[in-house]
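Q: The structure is given below, and queries will be raised subsequently.
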């Protein structure tokens, strides 16, 4: 967490609270994804969210599309006898005056063959725009880039 010089103690405390909330949001979201909880994972996005990842031919729009895409991936992994774990961190958090939160982070995806070894599958940069819906953070837009495709 980076605190700019000259920022007041109250502002620093507010930023620390937001930063911790963002960390918990992503920890919960990635747990849902890795557990194959596609519907619950999709509910961490706004109804009309966009999700742009290089593994899909075009951005996914809306929760039904998110559920379909992640359910398909979960089925493919199960069929292949694999499990993925997403480790996300190095959060760069910026709050806009309207309360929207921009988050840039690094994600490392580990692939494990059930009964076998684990290895790094992908290293990515994740750029999100988070908004509050009924007080809770949700992803409005997500853009993921992969280091191996940069």
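Numbering (full-length UniProt numbering), first residue to last: 1 to 150. Even glycine gets a Cβ: it sits at the ideal position worked out from N, Cα and C.
(1) Among the residues of its own chain, which have a CB less than 8 Å from the CB of residue 28, if the five just before and after it don't count?
(2) Is it buried or exposed, residue 78, if we count other Cβ atoms within 10 angstroms and call 16 or more buried?
(3) Please classify residue 118: is it buried, with 16 or more other beta-carbons within 10 angstroms of its beta-carbon, or exposed?
(4) With DSSP run on the structure shown, which of helix, strand or coil describes residue 212?
(5) Alpha carbon to alpha carbon, what distance is there between residue 98 and residue 56?
(6) How far does the beta strand (DSSP E) with residue 143 in it extend, from its first residue to its last?
(7) Spatial neighbours of residue 50 within its chain, please: CB distance less than 6 Å, with the 5 preceding and 5 following residues excluded, ordered by chain position.
(8) Our contact map puts residue 88 next to residue 26 with C-beta atoms below 8 Å; I'd like the distance itself, whole angstroms only.
(9) Mind checking which residues open and close the alpha helix (DSSP H) that includes residue 203?
(10) I need the straight-line Cα distance from residue 1 to residue 91, nearest angstrom please.
(11) Can you tell me which of 94, 108, 53 and 114 puts its alpha carbon nearest to the alpha carbon of residue 129?
(12) Between the alpha carbons of residue 86 and residue 15, how many angstroms are there, rounded?
(13) Using only alpha-carbon positions, find the residue among 71, 104 and 113 that is nearest to residue 143.
(14) I'd like the span of the beta strand (DSSP E) that includes residue 132, first residue to last.
A: Let me spell this out:
(1) To locate residue 28, count along the chain shown from 1; it is residue 28. Hits under 8 Å: 44.
(2) Position 78 of the chain shown holds residue 78. Per the 10 Å Cβ criterion, exposed.
(3) The residue you call residue 118 lines up with position 118 of the chain shown. Answer is exposed; the Cβ neighbour count stays below 16.
(4) The structure shown has nothing for residue 212, since the chain only spans 1 to 150.
(5) Here residue 56 refers to the residue found at position 56 when the chain shown is read from its first residue. Here residue 98 refers to the residue found at position 98 when the chain shown is read from its first residue. Cα-Cα distance, rounded: 31 Å.
(6) Start at 1 with the first residue of the chain shown, and residue 143 comes out as number 143. 136-146 is the extent of the beta strand (DSSP E) around residue 143.
(7) Within the chain shown, residue 50 is the residue found at index 50, counting from 1. So the qualifying residues of the chain are 59, 61 and 141.
(8) Reading the chain shown from its first residue, position 88 is the one you call residue 88. Reading the chain shown from its first residue, position 26 is the one you call residue 26. Their Cβ separation, rounded to whole angstroms, is 5 Å, which keeps residue 88 and residue 26 in contact under 8 Å.
(9) For the chain, the structure presents residues 1 to 150; residue 203 sits outside this window and is missing.
(10) Taking the first residue of the chain shown as position 1, residue 1 is located at position 1. Taking the first residue of the chain shown as position 1, residue 91 is located at position 91. Confidence is the limiting factor: at residue 1 the pLDDT is only 47, short of 50, which leaves the residue's position unreliable and the question unanswerable from this model.
(11) For the purposes of this step, residue 129 is taken as residue 129 along the chain shown, with counting starting at 1. When only C-alpha atoms are compared, the closest one is 94.
(12) Counting from one through the chain shown, the residue named residue 86 turns up at place 86. Counting from one through the chain shown, the residue named residue 15 turns up at place 15. Their backbone Cα atoms lie some 25 Å apart in a straight line.
(13) For the purposes of this step, residue 143 is taken as residue 143 along the chain shown, with counting starting at 1. That would be 104, whose Cα lies nearest to the Cα of residue 143.
(14) The residue given as residue 132 occupies position 132 in the chain shown. Membership of residue 132 in the beta strand (DSSP E) is indicated by the continuous run 118-133.
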